[in-house]
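K.L.:
Protein chains in written order, with full-length UniProt numbering: chain D, 1 to 206; chain Y, 1 to 656.
1) Might you give, ordered along the chain, the residues of its own chain that have their beta carbon closer than 7 Å to the beta carbon of residue 158 (chain D), omitting 5 neighbours on each side?
2) Taking only beta-carbon positions, decide if residue 161 (chain D) is within less than 8 Å of chain Y.
3) State the Cα-Cα distance for the pair residue 275 (chain Y) and residue 264 (chain Y), rounded to the nearest angstrom.
4) Provide the residue span of the alpha helix (DSSP H) that contains residue 7 (chain Y), from first to last.
5) Residue 126 (chain D) CB to nearest chain Y CB: under 8 Å?
6) Residue 25 (chain D): which of Y:154, Y:631, Y:212 sits nearest, CA to CA?
7) Residues of chain D with CB under 7 Å from residue 630 (chain Y), in chain order?
8) Would the segment 426-435 of chain Y and the segment 284-299 of chain Y be scored as touching if the rule is three or more Cβ pairs under 8 Å?
9) Indicate whether at least one CB of chain D lies closer than 8 Å to the CB of residue 223 (chain Y).
10) Would you kindly work out how many angstroms separate the C-alpha atoms of residue 60 (chain D) and residue 26 (chain Y), rounded to a whole number?
11) Within 8 Å (strictly less), CB to CB, does residue 379 (chain Y) reach chain D?
12) Tell me, please, which residues DSSP counts as bridged to residue 480 (chain Y).
13) Taking all protein chains shown into account, decide if residue 127 (chain D) is buried (16 or more other Cβ within 10 angstroms of its Cβ) or exposed.
14) Quick one: any contact between the segment 490-502 of chain Y and the segment 442-457 of chain Y, if contact means 3 or more CB pairs under 8 Å?
15) Do the CB positions of residue 557 (chain Y) and residue 567 (chain Y) come within less than 8 Å of each other?
16) Just list the residues that DSSP pairs residue 528 (chain Y) with in beta bridges.
17) Assuming contact is defined by CB atoms lying nearer than 8 Å, are residue 107 (chain D) and residue 156 (chain D) in contact in what I supplied?
18) Are the beta-carbon atoms belonging to residue 80 (chain Y) and residue 606 (chain Y) less than 8 Å from one another?
19) Do you know how far the Cα of residue 105 (chain Y) is from the Cα of residue 548 (chain Y)?
20) Can you find the residues in the same chain that come closer than 6 Å, C-beta to C-beta, to residue 653 (chain Y), ignoring five residues on each side of it along the sequence?
21) In angstroms, rounded to a whole number, what distance separates the CA positions of residue 9 (chain Y) and residue 425 (chain Y)?
22) Is the CB of residue 174 (chain Y) under 8 Å away from at least one CB in chain D?
23) Compute the beta-carbon to beta-carbon distance between residue 141 (chain D) and residue 191 (chain D), rounded to the nearest angstrom, for a pair I have assumed lies under 8 Å.
24) Using a beta-carbon distance below 8 Å, is residue 200 (chain D) in contact with chain Y?
25) At what residue ranges does the segment 345-404 of chain Y contain a whole run of the alpha helix (DSSP H), taking only runs of 4 or more?
26) Any idea if residue 364 (chain Y) is buried or exposed, counting beta-carbon neighbours within 10 angstroms, 16 or more meaning buried?
27) Among Y:235, Y:394, Y:227, Y:76, whose alpha-carbon lies nearest the alpha-carbon of residue 311 (chain Y)?
28) When the Cα atoms are used, what is the spatial distance from residue 700 (chain Y) to residue 175 (chain D)?
29) Pull up the distance between the alpha-carbon of residue 164 (chain Y) and that of residue 16 (chain Y), whole angstroms please.
30) Is the CB of residue 135 (chain D) under 8 Å away from at least one CB in chain Y?
31) Taking residue 292 (chain Y) as the reference, which of Y:304, Y:179, Y:70, Y:316 has the closest Cα?
32) With a threshold of 8 Å between beta carbons, is residue 29 (chain D) in contact with chain Y?
33) For residue 214 (chain D), report the span of its alpha helix (DSSP H) as first-last.
34) Can you tell which of Y:616, Y:436, Y:262, Y:127 has the C-alpha that lies nearest to the C-alpha of residue 178 (chain Y)?
35) Going by DSSP, which residues form a beta bridge with residue 637 (chain Y)?
36) What does the alpha-carbon distance come out to for the pair residue 207 (chain D) and residue 90 (chain D)?
Written as structure tokens, this is what we have:
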């Protein structure tokens with residue numbers, strides 16, 4: 001399978017060493033990328049916390065947030081994190097079916113999370129008249145939650161691309177690293193969501 | 001129909017000002033000339049294959065440096081225009097709006113499109129060579145970083161002739177930068193130009209952290225690393241913590257302008273102070289991002305040309321890490337006068353003053369390195385020596401500014417302007433010049449003409465003091481920054497004209513540098529050098545100049561600091577000349593970074609004008625580029641052992 005990486009078939013030994021080295025390097029870099037993403041979300045959270053009471057006479061958090069929908073979103077996203085974990089377990093067992101199956105279930109769960117969130121946003125804008133330009137509170141709300149939603153959506157496209165690559169190439173050093181990285185990303189988004197849930201929604205309705 | 005086109009054209013192009021018209025014509029002519037020369041000499045393929053798609057860190061470094069010198073020219077012309085306007089009272093050389101645009105673009109260009117790329121250029125050229133690596137950790141990402149910078153800078157620069165430049169200051173404070181006060185497209189050019197290149201900078205930060213942590217040659221532990229590499233490491237740590245804040249800040253400002261959000265507006269519950277806090281949480285660390293690598297350069301240059309080991313290596317490292325930590329606790333000193341209260345001001349005043357301690361440690365270390373050394377007065381060393389008094393004066397005026405009550409007097413005056421130009425020119429620009437002169441032979445295989453270099457050096461230095469010393473006094477006399485003109489009875493005329501003369505001396509110095517480079521290229525055969533022209537100390541001087549594409553045929557051992565120097569002294573055993581070579585694993589060139597960044601340019605341009613028909617396809621193009629990269633598995637190749645042997649033998653002068 002190393003042939004896929006390098007055309008130089010007569011350097012098998014090197015290929016494997018280099019591959020492992022390179023792939024672990026990429027995972028390490030991704031961890032550092034996640035640090036930068038933490039700072040990005042941290043800045044958005046800080047902005048939200050500063051501005052969340054500046055409702056400018058518009059609707060407040062208490063009036064807007066419908067907790068049953070939010071709790072459903074939360075369960076769906078947490079479950080998807082679990083299923084992405086199962087996909088990685090399948091990969092370590094070398095079980096292609098399990099790997100791809102769980103990844104597809106993760107994509108479906110993630111898509112329904114994004115769908116529910118979009119639905120929530122559309123309802124707010126159309127029925128409550130609460131849009132990003134209504135007040136500083138809503139600007140901060142839509143930006144923070146929307147940035148998380150955008151991250152999830154990017155993850156979905158990425159994961160679909162990865163499923164196609166897995167089908168074509170099987171479980172190799174490279175695809176293994178790619179699955180490990182996306183599952184890191186997915187768990188990270190889960191953690192961020194827990195903060196969104198607590199800081200935005202729970203503190204908004206309490 | 002014709003009227004519509006005319007309306008659009010007068011909105012789209014900046015018209016009416018003869019100076020801008022002149023610039024448009026000269027930009028147009030330059031572009032035509034470039035296209036003509038490339039076509040006439042059939043160089044398009046060469047440009048694409050050898051440069052635009054290159055993932056070689058040395059070539060990327062050279063491209064960074066070329067861009068930054070061009071930007072130094074543009075930022076310098078901006079500076080001279082301002083100095084001409086201010087030379088005499090009641091001057092009508094520039095219109096007030098034009099003056100605002102010029103000081104805004106001067107600041108942005110000098111920090112973000114001159115200092116940053118010059119710094120990244122030196123990172124790219126030097127770091128892998130100093131740590132004995134064959135490449136950076138992510139060559140593809142490195143190329144992407146460069147092109148994001150390039151296209152971001154282009155987007156910012158076209159505002160000059162298309163649509164109009166930003167005019168709300170280099171940090172674009174709201175509400176001035178909001179739709180209510182800046183309805184034109186200038187601020188959007190600002191936001192997207194910086195946003196796109198900023199993402200590139202962030203990626204560079206990640207890239208070099210991983211490179212330095214994971215790709216050092218066997219034996220080189222962290223405390224044996226050359227000081228420049230240490231400074232790059234500390235600078236990159238600041239980058240990864242500071243740049244995401246910039247990304248967020250600019251995105252929020254854009255949402256305010258584009259979707260009518262209320263983050264920083266005066267109405268709708270927005271809070272302009274939020275922006276000022278956020279931008280300085282990035283902006284203050286940014287100062288240390290650009291100055292720390294200069295400190296690293298001085299450390300290398302001082303040790304090399306005093307022929308002594310760097311004094312206090314460990315304290316240098318410690319000082320740098322302390323500075324990178326403290327840089328995040330000083331941001332509020334930029335707005336002592338904006339009502340945060342005595343306690344907050346006291347905290348930030350003290351944390352600002354504390355930075356002077358590690359910086360002072362470093363200055364003493366450089367002085368002690370020179371003490372009883374056999375100093376050689378080469379151009380890199382001259383810049384280093386000139387830096388020390390300049391930076392000390394700049395640092396001390398900085399401490400004066402950090403005294404919160406005193407700052408209420410100095411705030412936004414020419415005293416401040418003089419201070420930060422003194423640390424940024426005296427610290428950063430002098431440092432990068434020293435680095436450029438020092439590593440130039442390693443980049444190109446020939447030295448720069450020292451005679452012309454010394455002319456440039458003296459003109460820069462004399463010009464610098466003539467220009468900025470009067471500005472301290474102008475500040476104390478009450479002249480405020482961003483002043484567009486003043487009347488005779490203010491009494492600021494004489495000092496201003498002296499300052500303008502100094503500005504032109506620095507402009508002349510720049511011309512000497514351009515002449516120096518052109519002259520040295522023309523007579524490069526006379527200036528040709530071997531691998532070690534300065535009698536250097538670190539690993540980059542053990543390989544040919546310019547370095548072969550793979551840098552090190554066999555990874556060197558580095559059991560001690562300054563390993564090349566120690567080998568020459570005979571304190572450690574020389575590494576044997578290898579007899580056999582192995583094939584070397586290298587990344588393949590790729591056009592994706594160039595194309596993807598160009599897509600970002602078009603997406604940004606579309607956002608600026610509200611042209612979603614351009615933005616949406618361009619963003620889809622970005623996504624396609626990313627997927628194309630993800631789906632390509634054929635990304636590297638091997639240089640055969642025979643080829644490595646041939647290259648190495650040729651360099652060592654072995655007859656085959």
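Backbone N, C-alpha and C fix where the C-beta goes; we use that ideal spot for every residue, glycine too.
P.N.:
Reading it off the structure:
1) The residue given as residue 158 (chain D) occupies position 158 in the first chain. For residue 158 (chain D), same chain residues with a beta-carbon under 7 Å away, outside a window of 5 residues either side, are 182 in chain order.
2) What you label residue 161 (chain D) is simply residue 161 of the first chain in a count that begins at 1. Yes, residue 161 (chain D) counts as interfacial toward chain Y.
3) On the second chain, residue 275 (chain Y) is found 275 positions in, with the first residue counted as 1. On the second chain, residue 264 (chain Y) is found 264 positions in, with the first residue counted as 1. Computed Cα separation, rounded: 6 Å.
4) Taking the first residue of the second chain as 1, we reach residue 7 (chain Y) at position 7. For residue 7 (chain Y), the enclosing alpha helix (DSSP H) stretches over residues 2-12.
5) Numbered from 1 along the first chain, position 126 holds the residue referred to as residue 126 (chain D). Interface annotation, residue 126 (chain D): not in contact with chain Y, CB-CB separation never under 8 Å.
6) Sequence index remark: in the first chain, residue 25 (chain D) carries index 25 (1-based). For the residues Y:154, Y:631, Y:212, the minimum Cα distance to residue 25 (chain D) belongs to Y:212.
7) As a position in the second chain, residue 630 (chain Y) is number 630, starting the count at 1. Within chain D, 161 have C-beta atoms less than 7 Å from the C-beta of residue 630 (chain Y), given in sequence order.
8) Yes, the segment 426-435 of chain Y touches the segment 284-299 of chain Y.
9) For the purposes of this step, residue 223 (chain Y) is taken as residue 223 along the second chain, with counting starting at 1. Chain D, which has no Cβ nearer than 8 Å to the Cβ of residue 223 (chain Y), makes this no.
10) Translated into positions along the first chain, residue 60 (chain D) becomes position 60. Translated into positions along the second chain, residue 26 (chain Y) becomes position 26. Residue 60 (chain D) and residue 26 (chain Y) have their alpha carbons spaced roughly 56 Å apart.
11) Looking up residue 379 (chain Y) in the second chain gives position 379. No, its Cβ sits nowhere closer than 8 Å to a Cβ of chain D.
12) Residue numbering aside, residue 480 (chain Y) sits at position 480 when the second chain is read from its first letter. According to DSSP, which records beta bridges pairwise, residue 480 (chain Y) is partnered with Y:413.
13) If you number the first chain from 1, residue 127 (chain D) lands on position 127. Its Cβ having fewer than 16 others within 10 Å, residue 127 (chain D) is exposed.
14) Result no; under three Cβ-Cβ pairs closer than 8 Å.
15) Counting from one through the second chain, the residue named residue 557 (chain Y) turns up at place 557. Counting from one through the second chain, the residue named residue 567 (chain Y) turns up at place 567. One thing to note: residue 557 (chain Y) has its Cβ no nearer than 8 Å to the Cβ of residue 567 (chain Y).
16) Taking the second chain and counting its residues from 1, the one referred to as residue 528 (chain Y) is at position 528. For residue 528 (chain Y), which the question treats as bridged, DSSP gives the partners Y:446.
17) Numbered from its first residue, the first chain carries residue 107 (chain D) at position 107. Numbered from its first residue, the first chain carries residue 156 (chain D) at position 156. Yes. Within cutoff.
18) One-based indexing of the second chain puts residue 80 (chain Y) at position 80. One-based indexing of the second chain puts residue 606 (chain Y) at position 606. Not a contact, by the Cβ cut-off of 8 Å.
19) To locate residue 548 (chain Y), count along the second chain from 1; it is residue 548. To locate residue 105 (chain Y), count along the second chain from 1; it is residue 105. Rounded to the nearest whole angstrom, the C-alpha separation of residue 548 (chain Y) and residue 105 (chain Y) is 38 Å.
20) In the second chain, residue 653 (chain Y) corresponds to position 653, counting from 1. Contacts found: none.
21) Residue numbering aside, residue 9 (chain Y) sits at position 9 when the second chain is read from its first letter. Residue numbering aside, residue 425 (chain Y) sits at position 425 when the second chain is read from its first letter. In a straight line, the C-alpha of residue 9 (chain Y) is about 40 Å away from that of residue 425 (chain Y).
22) What you label residue 174 (chain Y) is simply residue 174 of the second chain in a count that begins at 1. So, not an interface residue.
23) For the purposes of this step, residue 141 (chain D) is taken as the residue at position 141 of the first chain. For the purposes of this step, residue 191 (chain D) is taken as the residue at position 191 of the first chain. With a Cβ gap of about 20 Å, residue 141 (chain D) and residue 191 (chain D) do not count as contacting.
24) Residue 200 (chain D) sits at position 200 when you count from the first residue of the first chain. Not an interface residue.
25) Counting whole runs of 4 or more residues, the segment 345-404 of chain Y contains the alpha helix (DSSP H) stretches 379-402.
26) As a first step, residue 364 (chain Y) must be located in the second chain, where it is residue number 364. It counts as exposed.
27) Translated into positions along the second chain, residue 311 (chain Y) becomes position 311. Per the Cα distances, Y:227.
28) Chain Y is shown only over 1 to 656; residue 700 (chain Y) falls outside these bounds and no answer can be derived.
29) As a position in the second chain, residue 164 (chain Y) is number 164, starting the count at 1. As a position in the second chain, residue 16 (chain Y) is number 16, starting the count at 1. Each residue's alpha carbon lies about 12 Å from the other.
30) What you label residue 135 (chain D) is simply residue 135 of the first chain in a count that begins at 1. At a cut-off of 8 Å between C-beta atoms, residue 135 (chain D) counts as an interface residue with respect to chain Y.
31) Taking the first residue of the second chain as 1, we reach residue 292 (chain Y) at position 292. The shortest CA-to-CA distance from residue 292 (chain Y) to any of Y:304, Y:179, Y:70, Y:316 is the one to Y:316.
32) Position 29 of the first chain, counted from the first residue, corresponds to residue 29 (chain D). Output row for residue 29 (chain D): interface = yes.
33) Any question about residue 214 (chain D) goes unanswered here, given that chain D covers just 1 to 206.
34) Locating residue 178 (chain Y) in the second chain gives position 178, where the first residue counts as 1. Comparing alpha-carbon positions, the option among Y:616, Y:436, Y:262, Y:127 lying closest to residue 178 (chain Y) turns out to be Y:262.
35) Locating residue 637 (chain Y) in the second chain gives position 637, where the first residue counts as 1. Residue 637 (chain Y) pairs with Y:586.
36) What the structure shows of chain D is the stretch from 1 to 206, and residue 207 (chain D) is not part of that stretch, so it cannot be assessed.
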